[in-house]
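Taken in order, these protein sequences are the chains called A and B. Position 64, counted from 1, in the first sequence is what my numbering calls 569; the numbers after and before it change by one each time, with no gaps. Position 199, counted from 1, in the second sequence is what my numbering calls 704; the numbers after and before it change by one each time, with no gaps. Notes to accompany the following structure.
Protein chains: 2
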Amino acid sequence: MAGSGSIPQYRKLYEVLRKHILEGVYREGDLLPSENELCHLYGMTRPTVRQSLSALANEGYIRKHQGKGSIVHSIPLEIGILSISGTTSAVGNRNLKTRIIVRPVIAVWPEEFMFPLSELERESGCIYMERLRLLDDGPVFYDISYITNINLPRITSRQFENKSLFGILRDNYHIEVKGGEQRIKAIPASQKICRLLDLRNNLPVLHLERKIETNNPDLFLYSSIFCNTDKYSIFGRF
Amino acid sequence: MAGSGSIPQYRKLYEVLRKHILEGVYREGDLLPSENELCHLYGMTRPTVRQSLSALANEGYIRKHQGKGSIVHSIPLEIGILSISGTTSAVGNRNLKTRIIVRPVIAVWPEEFMFPLSELERESGCIYMERLRLLDDGPVFYDISYITNINLPRITSRQFENKSLFGILRDNYHIEVKGGEQRIKAIPASQKICRLLDLRNNLPVLHLERKIETNNPDLFLYSSIFCNTDKYSIFGRF
DNA sequence: ATATATAACTTGTATTTACAAGTAAAATGC
DNA sequence: GCATTTTACTTGTAAATACAAGTTATATAT
């Protein structure tokens, strides 16, 4: 009954440890306090502590070793769910900017869409927008997004400049990302992509098509993302 | 004490359910038996059953919904840890073949390697091999592998043709894949890649550099993979 | 001194119990 | 017939407990 605000205890410890890892309180290779120590420190029982650590391990923040402990295994900067890592130098705290190419508008779904749509989605229509993500003022991602148009009042009049789409959805509409699927391809850049991503003609770009699930089972986010992987790579863990 | 063979109970249930999902006993969209039903069916308690279901959910086989149940969410054919999905038609049970380009040989690590190596790894040297993976007799992956040369007797004389590297390591050396990291890029295909993957010149290919961790903390698998994503896409969940 | 055994840690697995919270169908009231 | 309430069922969170198994440092014996 010590729980204040209905956020589960294991979630709180997860957030604390995650923050500490990202902020460098615990560094790569460091041993986290043992499960029993965490129990005493945060006033929980071991199953609860273990639930926090499992979540951290699943997302790649730590690695657990029986008999040893939990070792920090920090991960790189994330943009949405994409992680990027520089090929020339570490990515660190570079300034990530978002430039709006097409402001969010209510639209109908394209005839031939990249993922199959439910009847409800077809009826609801979508919010359409195009954004460019820049790292150190260089364009890296060109992102075309489609959001199912359900219960998102005034979204077309919101300010997206230099803000995270996920953040806006979470803060204003209580929409959390649950998971998703994606297809990845290497394709030649079209003229439009070349212009937007500041690329020489016909250079290859990475093309991702993703469907993102949320805590609203009827609401999905779709995006078609073109990445210039010349200087940066897409980074992933599994 | 009903445990036979030291394999944990939750692992057994995980294997059973996973097999049932892959074999179509439970199909996409189906509801799995409830946690309490599984408890009775397999003689376990709910935390144990939940551990199995968590593992399945983490790997994308099911999605859990509070108040509803666990819904099957089956995933496509996997090659190693890569999943592929066809753009023209479903991938199903297509024949996946492996052709050896360079038979496994003991070698020294390249001067400039794609991942940093530990001192122990440098000293140990590596097993080097090159393989081509074909789907429906068309080349799709060109795979250059480096395996840390620790405790792998007679590996260079093994038969790799049409066999999975992971399978050989698991069956003969008890090496299990634990996780890993990868970098993804889109690059223009070199002449050699074009020849191997049967591509027109300068067409883009997907390039993956991956480091795979195993249950032996000193043994890593590295691979540099070139994919023809013209007909197929790399598929992933998160 | 060196090798072996012990002890004191660590995480892994598993049971039992309890209640909270979300979902859906059945019962109820009108 | 239709809306509302209740009930039964689902998964989610959490505690207290116990022992297994892997790791590491310490103590012991040779």
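By construction, the Cβ of each residue, glycine as well, lies at the ideal position given by its N, Cα and C atoms.
For Lys-697/A, the nearest beta carbon of chain B is not closer than 8 Å to its own beta carbon. Per DSSP, Lys-668/B lies in no alpha helix (DSSP H) segment and is marked neither H nor E.
A distance of 8 Å or more separates the beta carbons of Ala-691/A and Leu-713/A.
Using a CB distance cut-off of 8 Å, Gly-741/A counts as an interface residue toward chain B. Between Lys-716/A and Gly-685/A, the gap from beta carbon to beta carbon is short of 8 Å. With a threshold of 8 Å between beta carbons, Glu-686/A makes contact with chain B. About 5 Å separates the Cβ atoms of Val-613/B and Gly-630/B, confirming a contact at the 8 Å cut-off.
Thr-734/A belongs to the set of residues whose beta carbon lies under 8 Å from a beta carbon in chain B. Taking the Cβ atoms as the reference, Leu-702/A lies roughly 7 Å from Phe-731/A, within the contact range of under 8 Å.
Linking Val-610/B to Met-634/B through their CA atoms gives a straight-line distance of about 7 Å. Closer than 8 Å to the CB of Ser-738/B there is at least one CB belonging to chain A.
Chain A places a beta carbon closer than 8 Å to that of Lys-690/B, counting this residue as a contact. A residue is called buried once 16 or more other Cβ atoms fall within 10 Å of its Cβ, and His-578/B is buried on that count. Cβ atoms of Ile-632/A and Leu-657/A come within 8 Å of each other, at about 7 Å. Separation of the CB atoms of Pro-693/A and Pro-709/B is rounded to 6 Å, and the pair is thereby assigned contact status at 8 Å. With respect to chain A, the C-beta atom of Pro-615/B has no partner C-beta closer than 8 Å. Inter-residue distance for Gln-514/A and Ile-649/B is about 46 Å (C-alpha atoms, whole angstroms). Listed by position along chain B, the residues whose Cβ is nearer than 8 Å to that of Val-710/A are Ala-691, Pro-709. Taking the beta carbon of Asn-563/A as reference, the chain B residues within 8 Å of it are Asn-563, listed in sequence order. With fewer than 16 other beta carbons inside 10 angstroms of its own, Gln-696/B counts as exposed. The criterion of a C-beta distance shorter than 8 Å is not satisfied by Val-530/B and Leu-543/B. When the Cα atoms are used, Arg-532/B and Pro-538/A turn out to be separated by approximately 42 Å.
At least 8 Å separates the beta-carbon of Ile-605/B from that of Glu-564/B. If the five residues before and after Ser-623/A are omitted, its C-beta is found closer than 8 Å to the C-beta atoms of Asp-723, all from its own chain and listed in chain order. Taking the C-beta atoms as reference points, Ser-557/A is found no nearer than 8 Å to Leu-527/A. Distance from the Cα of Arg-675/A is smallest, within the candidate group Asn-654/A, Leu-625/A, Asn-720/A, for Asn-720/A.
A distance below 6 Å between beta-carbons, with the five flanking residues on each side excluded, links Lys-569/B to the following residues of its chain, in chain order: Ala-562, Ser-575. Taking C-beta separations shorter than 6 Å and ignoring five residues to either side along the sequence, the partners of Ser-729/B in its chain run Ile-649, Glu-714, following chain order. Across the set Ile-698/A, Leu-536/A, Leu-639/A, the C-alpha of Leu-536/A shows the shortest separation from the C-alpha of Gly-572/A. Taking 4 residues as the minimum length, the alpha helix (DSSP H) runs contained wholly in the stretch 685-716 of chain B are 696-702, in order along the chain.
Distance check between Lys-683/A and each of Glu-718/A, Met-549/A, Phe-725/A, Leu-625/A places Glu-718/A closest, using alpha-carbon atoms only.
Burial of Ile-680/A is indicated by the presence of at least 16 other C-beta atoms within 10 angstroms of its C-beta. Per the DSSP secondary-structure output, Tyr-647/B pairs in a beta bridge with Leu-637/B, Phe-731/B.
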